[in-house]
Amino acid sequence: MKKYFYVITIQYLGYRFHGWQKQPHVKTLHLMVDRTLNFILEGKPFKSLSSGRTDAMVSAECAAFELFLEEPLEDQHAFLDLFNYNLPQDIRAINIREVDAKFNIINHSKIKEYLYLFTYGEKCHPFCAPIMTTILDDLDIDLMKQGAKLFEGTHYFKSYCFKPTDHGVYNREIITCELVENTIYTANYFPEKTYILRVRGKGFMRNQIRLMMGALIDLGKGKLSLETISKSLEQDCFIKMEYIAPASGLILNKIEFS
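Numbering of the sequence shown is given in the numbering used here, commencing with residue 1 and proceeding in unit increments.
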């Protein structure tokens with residue numbers, strides 16, 4: 001039987017979800033997407049496969065999943081409108097395109113860009129909580145900017161993997177890692193200054209970016225040095241990083257397909 005393949009790009013606020021992957025007894029993004037698809041497809045057979053998983057409370061400006069159908073969509077735009085009409089308000093589908101059977105959403109997802117939004121020094125308005133991490137301590141932002149640049153290039157990232165084993169592939173390339181003042185997200189209840197860590201790479205391990213951000217926060221607090229971060233990236237070095245930055249500040253910003 002012939003199959004039909006579509007890639008759907010979505011955005012979501014992850015704050016109330018337990019990540020993408022379906023799990024028993026909790027609300028996940030995949031569950032809500034599949035529940036909506038089942039309703040609008042009126043029970044016709046389908047399968048959905050994401051380009052990758054996000055953790056609980058992580059949001060996305062641009063995530064994607066592949067939809068496998070046994071019948072073609074007659075009108076893709078009408079389908080997208082119907083999908084959005086029935087999705088909860090914290091999930092939005094932004095486009096759909098047909099692909100061929102050779103396309104594999106996992107293997108063809110080559111570069112991902114993440115943003116980590118944060119501020120420091122004062123308690124923020126509660127409305128900031130879904131997408132911004134607040135560090136109440138003072139931070140040395142200039143030092144953190146130097147630390148972020150240490151992650152760029154190909155390094156040994158075992159120290160930045162949650163529960164690493166002796167069999168993982170830890171040599172990874174970070175194309176871009178920079179800490180800049182936030183000019184992307186604004187609201188009248190935001191503090192005067194907020195910051196973004198922008199990270200682009202070909203593949204990330206579990207909690208890698210949150211561990212990198214945690215190391216930079218500890219650097220900014222004076223708990224870590226630039227030398228320690230540099231040492232942690234050396235071949236076959238493992239320094240246990242104690243602090244995983246909160247998930248709610250992390251946003252999947254872009255996916256580039258080959």
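Even for Gly, the Cβ is constructed at its ideal location relative to N, Cα and C.
Name the DSSP beta bridge partners of residue i, please?
i, result
"ALA155", "Note that residue 155 is His in the sequence shown here, rather than Ala. HIS155 pairs with ARG172."
"TYR120", "ILE135"
"GLU181", "TYR195"
Can you name the start and end residues of the beta strand (DSSP E) that residue i belongs to?
i, result
"ARG200", "195-201"
"ILE251", "250-257"
"ILE135", "133-135"
For the alpha helix (DSSP H) holding residue i, just list the boundary residues, first then last.
i, result
"GLN208", "208-221"
"GLN11", "No alpha helix (DSSP H) holds GLN11; the beta strand (DSSP E) holding it covers 4-12."
"THR228", "226-232"
"ILE141", "141-150"
Just the Cα atoms here: how many angstroms apart are residue i and residue j?
i, j, result
"GLU173", "ILE111", "11 Å"
"ASN182", "ALA63", "21 Å"
"MET213", "PRO45", "41 Å"
"ALA215", "ILE239", "11 Å"
"ASP100", "ALA247", "35 Å"
"LYS47", "LEU67", "6 Å"
"PHE190", "LEU136", "15 Å"
"ILE94", "ASP236", "42 Å"
"GLU70", "PRO88", "26 Å"
"ARG97", "SER225", "47 Å"
"LYS231", "GLU122", "32 Å"
"LYS221", "GLU192", "20 Å"
"GLU227", "ASN207", "22 Å"
"LEU37", "PHE83", "7 Å"
Inset, instruction - Decide yes or no for the touch test of the stretch 246-256 against the stretch 102-121: beta carbon pairs closer than 8 Å, at least 3 of them. - result: yes
Legend entry - Cβ contact (3+ pairs, closer than 8 Å) linking the stretch 158-170 and the stretch 137-147: no
Legend entry - Segments assigned alpha helix (DSSP H), at least 4 residues, entirely inside the stretch 75-115: 76-86
Legend entry - Within the stretch 33-74, ranges of the beta strand (DSSP E) (whole runs, at least 3 residues): 46-50 and 59-69
Inset, instruction - Specify whether the stretch 131-144 and the stretch 163-172 touch according to this definition: at least 3 beta carbon pairs, one from each stretch, less than 8 Å apart. - result: no
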